[in-house]
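Residue numbers (my numbering), protein chains in the order written: chain A, 4 to 275; chain B, 12 to 184.
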């Protein structure tokens, strides 16, 4: 991407320089996220505790799809998270490449397995929905195929950042892959408008005229909020764990070095 | 600072190049990316080589569906697929999907014979993007605002806030 640059010097930008650097400080991130995480988790559980029973038990069936329509309440939030999460991965990757924030690298590394999981759930629920309604588990239309490509991008990123002995090199390769994959996002979103597909167009294009009855729309929105908060909480917890893991490793390395050094000095001294 | 700015510019230029390359590729392969052809496409470009299988999609025309039984006892159907401008007659032997009905979207895979009859080997239902409770659909039908056999539901703004609990008895409103 770039010529050799003094990485070590740039990896730790002086604190307080620029607005972004302030939040990239791992210590401050741990303090802030530690305070936010319990609230985020609580809000996610609350939204899901309201949204899921509302959607799965108390909302009406669809006039032609019947009870099968309830797959919507999981399928659509997973599809939104698969795409929104990928946008977050792209922003994190651009931040990591341009500003070289170690925290952005860790965030991307911990995000992609979660993103792959929601995309897999989106594909699986879609397939389960397609069989009874369309009459097929899978077709190679533009929407389904582009979401499958999105799934492979998530998996590829998760594998690539872990495939290098040098973590920094892996993170850089992963960031480049993630940014190349961004071209797939508009294809996923607009595939149903650009080409004939078996998948129907979006129901929720404008919030003032959704093609869903409000009795179906409101539980969907609460479920989507709950799943989004849960997604954010899981990614935040994973990123925190990764930061702490890295700290522990740094401390262990430092301790091992300290344990070795004095004996080396003493031996050198005794010989001399 | 200048190194970061340069990296940002390199990134933006790469993105621009990649984006235009993708857009050009997708435009070039436009014809291969469609999942099905509409009857108008078939009329305009002619069927893709005689006896070559392709997918035909559209709405099942109102009043065109005839269900019969094939000599071997399997269910069979004959219907017309329309996109408003043109229609093509389709025959199919086998079980139709649950959502199949007049006015519903379908995607059929098969071959167009020289007699203009499309012999399908697979029929998939293609539903639209509207979702509504049965009471609301019934109310729209009773009020004469919507006949599902004729195609898509009326604009969503006219029904997505109707209160299903107050539907029966207030049909004409």
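Where a beta carbon is used, it is the ideal one built from N, C-alpha and C, also for glycine.
None of these values were measured; they are calculated from a predicted model.
Beta bridge counterpart(s) of residue i as assigned by DSSP
| i | result |
| --- | --- |
| residue 89 (chain B) | B:77 and B:102 |
| residue 119 (chain B) | B:67 and B:134 |
| residue 129 (chain B) | B:101 and B:123 |
| residue 239 (chain A) | Paired residues: none, contrary to the question. |
| residue 48 (chain B) | B:67 |
Test: residue i CB closer than 8 Å to a CB of chain A
| i | result |
| --- | --- |
| residue 103 (chain B) | no |
| residue 140 (chain B) | yes |
| residue 199 (chain B) | Nothing in the structure corresponds to residue 199 (chain B), since chain B is present only between 12 and 184. |
| residue 33 (chain B) | yes |
| residue 6 (chain B) | A question about residue 6 (chain B) goes unanswered here, because the residues of chain B that appear run from 12 up to 184. |
| residue 136 (chain B) | yes |
| residue 125 (chain B) | no |
| residue 70 (chain B) | no |
| residue 165 (chain B) | no |
| residue 22 (chain B) | yes |
| residue 184 (chain B) | Residue placement at residue 184 (chain B) is flagged as unreliable, the pLDDT there being 39, under the threshold of 50; the coordinate-derived value follows with that caveat. No - not a single Cβ of chain A is within 8 Å of the one on residue 184 (chain B). |
| residue 130 (chain B) | no |
| residue 19 (chain B) | yes |
| residue 7 (chain B) | Given a span of 12 to 184 for chain B in the structure shown, any question on residue 7 (chain B) remains unanswerable. |
Residue environment, residue i, which counts as buried when at least 16 other CB atoms sit within 10 Å
| i | result |
| --- | --- |
| residue 169 (chain B) | exposed |
| residue 67 (chain B) | buried |
| residue 115 (chain B) | buried |
| residue 80 (chain B) | exposed |
| residue 43 (chain B) | exposed |
| residue 229 (chain A) | buried |
| residue 302 (chain A) | No information on residue 302 (chain A) is available, as it lies outside the stretch 4 to 275 that chain A covers here. |
| residue 13 (chain B) | exposed |
| residue 82 (chain B) | exposed |
| residue 173 (chain B) | buried |
| residue 264 (chain A) | exposed |
| residue 38 (chain B) | exposed |
| residue 106 (chain A) | buried |
| residue 220 (chain A) | buried |
| residue 157 (chain B) | buried |
| residue 184 (chain A) | buried |
| residue 277 (chain A) | A question about residue 277 (chain A) goes unanswered here, because the residues of chain A that appear run from 4 up to 275. |
| residue 106 (chain B) | exposed |
Neighbour flag for residue i against chain B, beta carbons, 8 Å
| i | result |
| --- | --- |
| residue 94 (chain A) | no |
| residue 122 (chain A) | no |
| residue 224 (chain A) | no |
| residue 138 (chain A) | yes |
| residue 145 (chain A) | yes |
| residue 218 (chain A) | yes |
| residue 191 (chain A) | no |
| residue 183 (chain A) | yes |
| residue 11 (chain A) | At residue 11 (chain A), the pLDDT of 40 sits below 50, so the modelled position is not reliable and the matter cannot be decided from this model. |
| residue 64 (chain A) | yes |
| residue 67 (chain A) | yes |
| residue 135 (chain A) | yes |
| residue 150 (chain A) | no |
| residue 39 (chain A) | no |
| residue 117 (chain A) | no |
| residue 186 (chain A) | yes |
| residue 142 (chain A) | yes |
Against chain B: residues of the stretch 69-83 of chain A by CB proximity under 8 Å: 72 and 75
Interface residues of the stretch 46-65 of chain B facing chain A [CB-CB below 8 Å]: 46, 47, 48 and 49
Where are the alpha helix (DSSP H) runs, 4 residues long or more, that stay fully inside the stretch 181-234 of chain A, in chain order? Those alpha helix (DSSP H) runs which fall completely within the stretch 181-234 of chain A and span 4+ residues are 187-197.
Between the stretch 72-96 of chain B and chain A, which residues of the former have CB atoms less than 7 Å from a CB of the latter, in chain order? none
Ignoring anything shorter than 4 residues, give me the alpha helix (DSSP H) runs that lie fully in the stretch 28-98 of chain A, in order along the chain. 29-56
Going along the chain, which residues of the stretch 139-163 of chain B sit with their C-beta nearer than 7 Å to a C-beta in chain A? 139, 140, 141, 142, 143, 144, 145, 147 and 148
Using a beta-carbon distance cut-off of less than 7 Å, what residues from the stretch 196-216 of chain A approach chain B? 198, 199, 200, 201, 203, 204, 205, 206, 212, 213, 214, 215 and 216
Please name the residues in the stretch 105-121 of chain B whose beta-carbon is closer than 9 Å to at least one beta-carbon of chain C, in chain order. The chain inventory of the structure shown lacks chain C, comprising the protein chains A and B.
According to a CB-to-CB cut-off of less than 9 Å, which residues of the stretch 89-114 of chain A neighbour chain B? 97, 100, 101, 102 and 103
Along the chain, which unbroken stretches of the beta strand (DSSP E) at least 3 residues long are found entirely within the stretch 100-151 of chain A? Inside the stretch 100-151 of chain A, DSSP marks no whole beta strand (DSSP E) run of 3 or more residues.
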